[in-house]
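Heads up: the structure comes next, in structure tokens.
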Amino acid sequence: DAGVIQSPRHEVTEMGQEVTLRCKPISGHDYLFWYRQTMMRGLELLIYFNNNVPIDDSGMPEDRFSAKMPNASFSTLKIQPSEPRDSAVYFCASSSPDRGLNEQFFGPGTRLTVL
Amino acid sequence: KQEVTQIPAALSVPEGENLVLNCSFTDSAIYNLQWFRQDPGKGLTSLLLIQSSQREQTSGRLNASLDKSSGRSTLYIAASQPGDSATYLCAVRGGADGLTFGKGTHLIIQP
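As given, the protein sequences belong to chains R and S, one line each in that order. Here the first sequence is numbered in the numbering used here, starting from 16 and rising by one per residue. Here the second sequence is numbered in the numbering used here, starting from 37 and rising by one per residue.
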């Protein structure tokens, strides 16, 4: 398996623009997580899905952030409008409860810079 | 709210030494604990996962222990090598399914 795939790897945009980050989880995994990493706050959970349904979005910082999972192999995280303080690395992760492990596997991340 | 603390924040040791990284968490009601490695500009690589019912897990030169009642975990690295240089992150899974991360230990192994 190719692992968790994220695109783009790098995104530079100007304040006020819409940004869409994409994620393809590992095939067969039914949990998908979005995390954000900053120097100040470290890694934080934004939202996660189970079987394509959002379960907990309490980590989403503002209404400017939204996430969708239209099918088992694709998810998006959208920021509209973007602000400089949204600059961070955004990670997607997936897991499966098979065998009770629930080990999370992370993608390479998208480094977002908002000017 | 779960809080995860990692000590030390940074560590530099000569090659060949054995070393211990520490992780503590405030809520002992966890489902599992996972240790990750992160190289600069890269994603997270899962090293070891310990279920709440387990005491330790081993993979090669790495050994992770878990004392759930005291809210502590350690990652032991034997015979350290320059290639072990990275940031090591500890994360716990509580009642919800997402992970709560520590800030990490930045490790440098001097050749």
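Every residue, glycine too, gets a C-beta built ideally from N, C-alpha and C.
query: If we ignore side chains and look at the alpha-carbon of each, how far apart do Tyr67 (chain S) and Leu143 (chain S) end up?; result: 27 Å
query: Locate the beta strand (DSSP E) running through Ser109 (chain S), then write down its first and last residues.; result: 108-113
query: Starting from Gly57 (chain R), follow the beta strand (DSSP E) in both directions and report where the run begins and ends.; result: 57-65
query: Who pairs with Ala100 (chain S) in a beta bridge, going by DSSP?; result: S:Gln93, S:Leu111
query: Hey, would you say Val128 (chain S) sits closer than 8 Å to Thr136 (chain S), going by beta carbons?; result: yes
query: Going by DSSP, what residues sit across from Ile145 (chain S) in a beta bridge?; result: S:Val49
query: If you pair each beta-carbon of the segment 116-127 of chain S with each one of the segment 63-78 of chain S, do three or more pairs fall below 8 Å?; result: yes
query: Alpha carbons only, please: which of S:Asp133, S:Asp120, S:Gly138, S:Lys139 is nearest the one belonging to Ile145 (chain S)?; result: S:Asp120
query: Between the beta-carbon of Arg105 (chain S) and the beta-carbon of Ser60 (chain S), is there less than 8 Å?; result: Correcting the residue type first, residue 105 (chain S) is Ser in the shown sequence and not Arg. No. Outside cutoff.
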